[in-house]
Amino acid sequence: MKIKKIDPEIYRAIKKEEERENSTLEMIASENYAPAEILEAAGSCMTDKYAEGYPGKRYYGGCENVDTVESLAIDRAKKLFGCEHANVQPHSGSQANIAAYLALLNIGGKIMGMDLSCGGHLTHGHPLNFSGKNFNIIPYGVRRDDQLIDYNEVQEIAIREKPDLIVTGASAYPARIDFKRFAEIASSCGAVLLADIAHIAGLVAAGLHPDPVPHCDIVTTTTHKTLRGPRGGMIMCREKYAVDIDRSVFPGIQGGPLMHVIAAKAVCFNNALKVNFKKYASEVVENARVLAETLKKNGITLVTGGTETHLLLLDLRPLNITGREAESLLQDAGIIANKNSIPYDPEKPLVTSGLRLGTPALTTRGMGRQEMELIALLITDILKKRDEKTLSSAEGEIKKLCRKYPLKR
Ligand code: DSN
């Protein structure tokens, strides 16, 4: 690597990151390991190219190859998700949501979104985010008793508030979302419906989660979570919104698209169209189910009582430990996860009473049922015992697992 000589500080940090990824169990639900072909495309010369505009309608010369790449990315996205239109230029999931909101609403328009503390995302209306600062946000949450979305309550709020836009989708919701029911609610109050499937996109693509595309006007996503592609975003929509969405992305909120990332998105969609992606996605879901069941058997409380997706959320209050403490203890043993608020959390967001776990990355490493059972036992032991002996024995087991399932790109 040339960078070793030219910029040894950055080289060392990259090498150390490789080592960290290899030697720990990555259980952050929104992370995954991008395969070599994705890294190659994302690290290619396409980073050099300015290509403001869209394929065939650019503001720069020399765009013939990036046109090929972006057209392929769009065609593959449309094939993968069965959508009428796809814009592959958003730099991230947040950019995708900003562009969609600005395409559909005036500043001050009314958006109904899931509260962050109940599993929603910052861009669904948090007061410190552009969404909460620029739009009139009507939050909805989950039931206190079973922590599931109360569709009747969402319906009541929608009828009462008449939002311009309803946002469905979440970052920390372990159950499936009924997009058909959301579409009925949106239609009953005349709202446009947007599904943010950043977390579950890979499961949707593999047919393992109800499909939002037939029911929603707009679907936004990221490409780096369960889809296992490069870090980036995308907007899919019905044809009637296509012109507004495209204008909103460029020139609305972005300039030059990241063509190297779009090349990697095209590779990612191609990978997800292959038969073995379905196998991968079903193993992700099965691994999450086994992890959840084993944790429950060992007396751990789970928000919503389990999982139907790639993620689970532990309610740590019965263990008398905060999310912050749990995250730190697990990291000491080599398990990387994140503290996460649980619905109606009494703790602050930087402390929390919850811990979110996901299986996309471990499944990419090839781990299965047996490993999930072992990891669930290790997590239970660490969180319950919290002593040096337990931590060091768990650390040994985790090192063994990492050696047995090396990260192959
Ligand atoms: N919401 C973050 C996550 O799920 O980790 C990503 O924006």
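Take the sequence shown: its position 176, counting from 1, is numbered 398 in my numbering, and each next residue is one higher.
Built from N, CA and C at the ideal position, the CB exists for glycine as well.
C-alpha of Gly412 to C-alpha of Ile419: approximately 22 Å in a straight line.
As computed with DSSP, Met334 is found in a beta bridge with Ile360 and Ile388. Listed in chain order, the alpha helix (DSSP H) runs fully inside the region 408–455 are 423–427, counting runs of at least 4 residues.
Where Asn560 is concerned, the enclosing beta strand (DSSP E) starts and stops at Asn560 to Asn562. CA-CA distance, Ile260 to His482, rounds to 10 Å. At least 9 Å separates the beta-carbon of Thr444 from that of Ile457. Two segments are said to touch when three or more pairs of C-beta atoms, one from each, lie closer than 8 Å; by this definition the region 479–495 touches the region 309–318.
Less than 9 Å divides the Cβ of His307 from the Cβ of Lys300.
Every unbroken stretch of the alpha helix (DSSP H) spanning 4 or more residues and falling wholly within the region 249–280 is given here in chain order: 258–264. Taking the C-beta atoms as reference points, Val426 is found nearer than 9 Å to Val435. Counting the other Cβ atoms within 10 Å of the Cβ of Tyr566 gives fewer than 16, which makes it exposed. For His307, the enclosing beta strand (DSSP E) begins and ends at His307 to Asn309. The alpha-carbon separation between Arg453 and Cys459 amounts to approximately 21 Å. Excluding residues up to 5 positions away in sequence, Asn244 lie with their Cβ nearer than 7 Å to the Cβ of Pro628 in the same chain. DSSP links Met458 through a beta bridge to Ala308 and Val441. The Cβ-Cβ distance between Ala325 and Asp466 falls below 9 Å. Rounded to the nearest whole angstrom, the CA to CA distance from Pro540 to Gly347 is 30 Å. Between the region 585–594 and the region 604–622 there are fewer than three C-beta pairs closer than 8 Å, too few to call the two in contact. Within 8 Å of the C-beta of Ala598 there is not a single heavy atom belonging to the ligand DSN. By the criterion of at least three beta-carbon pairs nearer than 8 Å, the region 347–366 is in contact with the region 324–338.
Looking at the backbone, the Cα of Met589 and that of Met249 are separated by about 12 Å.
For the region 470–552, the continuous beta strand (DSSP E) assignments of 3+ residues that do not extend past its boundaries occur at 533–537, in sequence order. Beta-bridge analysis with DSSP links Gly576 to Asp537 and Asn562. The C-beta distance from Ala394 to Gly341 rounds to 4 Å, short enough to meet the 8 Å contact threshold.
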